[in-house]
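The sequence shown begins at 87 in the working numbering and counts up one residue at a time.
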Amino acid sequence: MAKNLDDVLATLPAKRRKKIEQRVAELATLKDLRQAVERTQQDLAASLGVGQETISRIERRSDLLLSTMRRYIEAMGGELELVARFPNRPPVIIEHLGQEIAPAKKRRVATGKTQRARDKAAA
Numbered sequence: 087m088a089k090n091l092d093d094v095l096a097t098l099p100a101k102r103r104k105k106i107e108q109r110v111a112e113l114a115t116l117k118d119l120r121q122a123v124e125r126t127q128q129d130l131a132a133s134l135g136v137g138q139e140t141i142s143r144i145e146r147r148s149d150l151l152l153s154t155m156r157r158y159i160e161a162m163g164g165e166l167e168l169v170a171r172f173p174n175r176p177p178v179i180i181e182h183l184g185q186e187i188a189p190a191k192k193r194r195v196a197t198g199k200t201q202r203a204r205d206k207a208a209a
């Protein structure tokens, strides 16, 4: 007969169970986070200027753009932080990913004509 998770956890020492419960609490879904801050999909959609169905799709996806994740978290009043962890090194906080960057100035396209030729053609 198969054991369920509760039965397996019940056999573990209390210290180990507590550590597992803490880790589970850290691994929350976007839906869990939204519910924890007592926001509905409609509330969040209004904050982001999208429809409720968009929030539903975001919460079901397993692969999101960082900019989408950042906007979702910020709409709930949080802040997204991306940390890279390497062996034998301290964690590195990666900044500016998923942030909107001001668009570059439009570049003039060379036409091969001098200003005088362009003025003459315009007249």
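Using N, Cα and C, we set each Cβ at its ideal position, and we do this for glycine too.
Nothing here was measured: the structure is a model prediction, and the numbers come from that model.
Endpoints, beta strand (DSSP E) assigned at residue i
i, result
"residue 131", "That residue, residue 131, is in no beta strand (DSSP E); its alpha helix (DSSP H) goes 127 to 134."
"residue 168", "168 to 170"
Test item: CB-CB of residue i and residue j under 7 Å
i, j, result
"residue 127", "residue 142", "yes"
"residue 166", "residue 180", "no"
"residue 139", "residue 116", "no"
"residue 161", "residue 134", "yes"
Where the alpha helix (DSSP H) containing residue i begins and where it ends
i, result
"residue 209", "Here residue 209 belongs to no alpha helix (DSSP H), and DSSP marks it neither H nor E."
"residue 98", "Here residue 98 belongs to no alpha helix (DSSP H), and DSSP marks it neither H nor E."
"residue 140", "138 to 146"
"residue 122", "116 to 122"
Contacts around residue i, its chain only, beta-carbon distance under 6 Å, and the 5 residues preceding and following it disregarded
i, result
"residue 95", "103"
Best match in the options for proximity to residue i [C-alpha to C-alpha]
i, options, result
"residue 182", "97, 93, 156 and 90", "156"
"residue 158", "209, 207, 90 and 129", "129"
"residue 136", "150, 207, 122 and 154", "154"
Cutoff 8 Å; reference residue i; Cβ partners in own chain excluding five residues on either side
i, result
"residue 106", "95 and 98"
Sequence-distant residues of the same chain with beta carbon closer than 7 Å to residue i, five excluded per side
i, result
"residue 125", "162"
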